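Quick note, the sequences are listed as chains A, B and C, same order. The numbering used here puts the first residue of the first sequence at 13, with every later residue one more than the last. The numbering used here puts the first residue of the second sequence at 22, with every later residue one more than the last. The numbering used here puts the first residue of the third sequence at 4, with every later residue one more than the last. Shown next, in structure tokens, is the structure this report addresses.
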Amino acid sequence: MATPVIMPKFGMAQEEATIVRWYKQEGEQVERGEPLLEVMTDKVNMDVEAPASGLLLKAKYSPDEVVPVTVIIGYIGEPGEEIEEEEPSPVTKPAPRVVPVPATAQRTVKAVSGKVRATPAARRLAREGGIDLSLVSGTGPDGLVRTEDVEAFLPPEAPVEGELVPLKGVRKIIAQRMETSWHAAPHISFTVTIDMTQAEARRAEWNEARAEGEPRLSVTGLLIKAVADLLPRHRYLNASLRGEEVLLHRAVNVGMAVARDEGLIVPVLKGADGLTLGEIAFQCSDLAERAREGKLTPDEVTGGTFTVSNLGMFGVEQFTAIINPPESAILAVGTLGPEPVVLSGKIVVRQRMRATLSVDHRVADGALAGRFLQDLKKTLEAPESLFS
Amino acid sequence: MPEVREISYSEAIREALTMEMRRDDRVFLMGEDIGVYGGAFGVTLGMIDEFGAERIRETPISEGAIAGAAIGAALVGMRPVAEIMFMDFVTIAMEQIVNQGAKLRYMFGGHATVPMVLRTPAGSGTGAAAHHSQSLEAWLAHVPGLKVVMPSTPYDAKGLLLSSIRDPNPVMFVEHKLLYPRKGPVPEHDYEVPLGLGDVKREGTDLTIVATSIMVPRSLEAAEQLSAEGIEAEVVDPRTLRPLDMETIEASVKKTGRVMIVHEAPVTGGFGGEVAARIAGGAAFEYLEAPIKRFCGLDTPIPYNRTLEYYTVPQPETIAAAARELAAA
Amino acid sequence: MSPLAGLTDERLLELLRQMRLIRAFEWKADQLYAEGKVHGTMHLSIGQEATAVGAIAALNPDDYIFSTHRGHGHCLAKGADLNLMMAEFRGKETGYCRGRGGSMHIADLSCGNLGANGVVGGGLAMACGAALAQKMQSTGKVVLCFFGDGASNQGVFHESLNLAAIWDLPVVYFCENNQYGMSMHVRRSVAIERISDRACAYGFPGKTVDGNDLLQVYEATRDAVARARAGGGPTLLEGVTYRWKGHSKSDADRYRTKEEINEWKAKDPIKRFEQLLLQEGVLTPDQAKSIESQVQSEIESAIEFADGCPEPSLDTIEEGVYA
């Protein structure tokens, strides 16, 4: 069998060599150890010796060809010998196989109680965004807080289906305050039905009697008068919780909820217990108008100690309102309308209205609320004191 | 713009040596078989014809004397470039390098300078096994008074060697055997690559690979694999280990938040630990999204068996696998 | 050869003065250490003044020396500034090495002193390099490398001498054989009688002299230096001497006898040289006394100088590592 001649490797880092010239032609006799061809590696010329004696049966590559080391470049043997053309098997890199990188023992780090586990980048983001890291829930291993968790805490920037109206200005303030109120104050509500027949008659008279240009007295105005007269005797409903203490306000500043397109706003009638019916009528009208025009001053929407909210004009029969912080109670009033009532055994038609009082249970309890409503009902059902 | 010609890493080193020896009479070479033989890796081939046996000065196998004589000659004003044939044998020269070369200036109150360069090829992949395959740069980078350089491309090799010879301090110039035949663009003129300046070899956004020497081209290869998978790796080549350019590394870590250090030398006590500690202790710390990763040589001598040798140190596909882990961490 | 090696009277007196200076300096250093004024340790060369002075006397001022850890004498003989030496001992900023080197690492490059060395044999290979540089630049200068009997067993000794031989380097290797490598007697550490015999293994001459005979040391060195300067290559000289004090300050001298020490004290190189000069009429007893007191006062003022020098500032703690 013919002896293959391979391209030898001369240096450790050598991967190939260039054929310079063959010293022997195909068919020529060569002796073992005799220089057979000259090759060049890294600009150094080396002789390749014949590995066996015999005829050079085949010289596979020509001068200037670059051949990788260990590739067969020729055959030496006896004349007529078969050359088993083996596929040249150049040195290949070891077949890459995925070697599992030895996993270093993972020790899950348990969070030290009270300490937030977060990546350094997450901490920086939280710090820069003014975010309390303890509020961010982590989605990393063992609840590790990562950058994406902090980013999720920030307002999403992706567009939503529908119209995105920013919450700003007064609306934003209301939103924040309502949220705070709802979370902070445990609300309890009590409803009472008030017979407004007398009150309505009197109110109509009052309105008839008023001078030209003077504003009308609304139901809300009358209610405010009633509430303002009563609150000095029901001080826990005219109060604010301050930490471990309840501030029982001296002033009676009654807020009046006004419906607007932008949402409810509550201008305040300051010192309502000292106002006449005429003054109340005026203020209600004036504040309501300016509320709708967006011309209220900040002072006019702050400082309230109790709020009255009348949604009767929408046909709402009854509803529960959320207390306006830092107040402790709110009166929600529904439609005033004719209802059949049994009176002295007869069915008569009376003007009636439902009023629902919500109180902050931290400050007042059911009994307090009940007593107030009882008084309110009495006052409105026999309204002489209001109109005097 | 004219095409820059491509030459090999070893040719680039030869060119730097030649250019500087022509420019400065004080420069001379010392080492084993660097004359007619041209050096074990052919780096100094042909130089003896131009410069003669005085300046291409062959030595016996005496690493201690080679290093010591270089230091002594530098001490009195020459600019010797000594060659230690394999980095493994730097161990024999350590007394001279560490106790004398690195410390003379300091011990003598700043009154001495030792402007010498010690060149040596490190690294595995040639089947030369334990005594001819080591990467000991961490030992040298640990010594105050030495500078340590590890070029990864022909361009860097030439520029850094010119800077190293011109530097007034003892510079350890660590080459890599497998890099010698690799070609790259190298300008023909005199240019310097400053010591202590790293280089971003590939820009990326998803993770940073800090790599040295042969691990630079391997990391670049890994980065190509990763790019096809949608992971863009940034490859940072410090080029000089001491002094280390942390600015370039930190800027990259801040950008990507994930960093992996890749070197051939065994991981324990390797220079990667120094880089990791500086990242963790510096401005880039709070940009980290994941722990700093080191993917380096195993803690074993280099084995003879080719497959074992191959997997003892990082390779492109294993670097890519490690990077994938980092990307997911 | 004249008994005074062809040296002028002036020169001879100067050499005596140098030896006296070294002796006084070493005693003073010993005392300062005992007083806690110098810290660390020190390796005193009391008894070895002749090898230092005799060998260096054969050099030109711009020739180079490499010294050892026991190098105060070499330093002074090579023309060191006493003030700067003392300041360095005290670790002061204005010392030779800005207080960073101390006793074992004093160097004065301005007068060719390429440094004492904390590593045994630390200068041997560097001496080859320094000598090579002289040869390559044809400066005509010679390098004298001191080392001890212990260092002659270091691997680098063999590498260096071989290198010096094959390259015909202008270096003189001077072994101060004080017969002890710390506590090990040279008989136990070296298999041959004379360390200078090792030179033949490298193909160049070796010569052993009485290290306590200043003129013998001088002549042998002079010849070796001339050979080197003329391009004749290296020489290995050996001066057999003895150190009176222990290896370092922490040496309790358990490995040698009082008798032996006294035997060698009787061969005091300074006394012998002084005797010779008195005999030859070069020196008068008054001159002898005046030399002694003069060096004493020089040392006292050096101490004063050093006392007044500043300590290094902590601000500079990282300086001087890199150029």
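Note that CB positions come from ideal geometry on N, CA and C, so glycine has one too. Keep in mind that this is a model prediction, so the values were computed, not measured.
In the assembly as shown, Y58 (chain B) is an exposed residue. Its beta-carbon has fewer than 16 other beta-carbons within 10 Å. In the three-state reduction of the DSSP assignment, C312 (chain C) falls in the coil class, being assigned neither a helical nor a strand state. M193 (chain B) sits close to L139 (chain B), with the two beta carbons spaced by under 8 Å. For G324 (chain A) against V345 (chain A), the beta-carbon gap comes to about 6 Å, under 8 Å, which counts as contact. Under the three-state reduction of DSSP output, G206 (chain C) falls in the coil class, being neither helix nor strand. In the DSSP secondary-structure assignment, R33 (chain A) is bridged to A:E50. Between M171 (chain B) and R263 (chain B), the C-beta gap is not smaller than 8 Å, which leaves the two residues out of contact.
Exclusion of the five residues before and after G217 (chain B) leaves T261, P264, D266 as the residues of its chain whose Cβ lies within less than 7 Å of its Cβ. Within chain B, the residues G130, G131 have their CB atoms less than 7 Å from the CB of R101 (chain C), given in chain order.
For the 8 Å CB-CB criterion, V123 (chain C) and A154 (chain C) form a contact.
C296 (chain A) sits in a helix when the DSSP states are folded into three classes. V280 (chain B) is not a Cβ neighbour of S240 (chain B), given a cutoff of 8 Å. Selection B:A298, B:V237, B:I87 evaluated against Q336 (chain B) yields B:V237 as nearest (Cα-Cα). With contact defined as three or more Cβ pairs closer than 8 Å, the segment 152-160 of chain B and the segment 108-128 of chain B are in contact. Our two residues, G233 (chain A) and P310 (chain A), have alpha carbons roughly 21 Å apart in a direct line. Between the beta-carbon of V164 (chain B) and that of V119 (chain B) there is about 5 Å, and that keeps the pair under the 8 Å contact cut.
In this structure, Y308 (chain B) places its C-beta atom within 8 Å of the C-beta atom of V274 (chain B). The beta carbons of V51 (chain A) and T82 (chain A) sit no closer together than 8 Å.
Within the segment 101-189 of chain B, the complete beta strand (DSSP E) segments of 3 residues or longer fall at 138-143, 168-170, listed in chain order. Counting along the chain, G346 (chain A) sits inside the beta strand (DSSP E) bounded by residues 341-355. The beta carbons of R158 (chain A) and A134 (chain A) sit closer together than 8 Å. Take the alpha-carbon of I340 (chain B) and the one of L183 (chain B): they are about 32 Å apart. Taking a 10 Å sphere around the C-beta of F160 (chain C), we find 16 or more other C-beta atoms and assign the residue as buried. Judged by their CB atoms, A91 (chain B) and A103 (chain B) are nearer to each other than the 8 Å cut-off. At least one CB atom of chain B sits nearer than 8 Å to the CB of P132 (chain A). When beta bridges are read from the DSSP output, R263 (chain B) appears opposite B:V169. If you compare the alpha carbons of B:R26, B:E346, B:T333 with that of L319 (chain B), the shortest gap goes to B:T333. By the 16-neighbour rule on beta-carbons within 10 angstroms, E38 (chain C) is exposed. A straight line joining the alpha-carbon of L62 (chain C) with that of L50 (chain B) spans about 29 Å. Secondary structure within the segment 89-177 of chain C: the alpha helix (DSSP H) runs of 4 or more consecutive residues, fully enclosed, are 127-140, 158-169 (chain order). Here F72 (chain B) has M42 as same chain residues with Cβ atoms under 7 Å from its own Cβ, once five neighbours each way along the sequence are excluded. Following the DSSP letters along the chain, one finds N336 (chain A) in no beta strand (DSSP E), marked with neither H nor E. Rounded to whole angstroms, the gap between the alpha carbons of Y245 (chain C) and I105 (chain B) is 39 Å. Against chain B, a Cβ distance below 9 Å from N165 (chain C) picks out P81, S83, A86. At a cut-off of 8 Å between C-beta atoms, P202 (chain B) counts as an interface residue with respect to chain A.
Of all residues in the segment 277-290 of chain B, those with a C-beta nearer than 7 Å to a C-beta of chain A are G278, reading in chain order.
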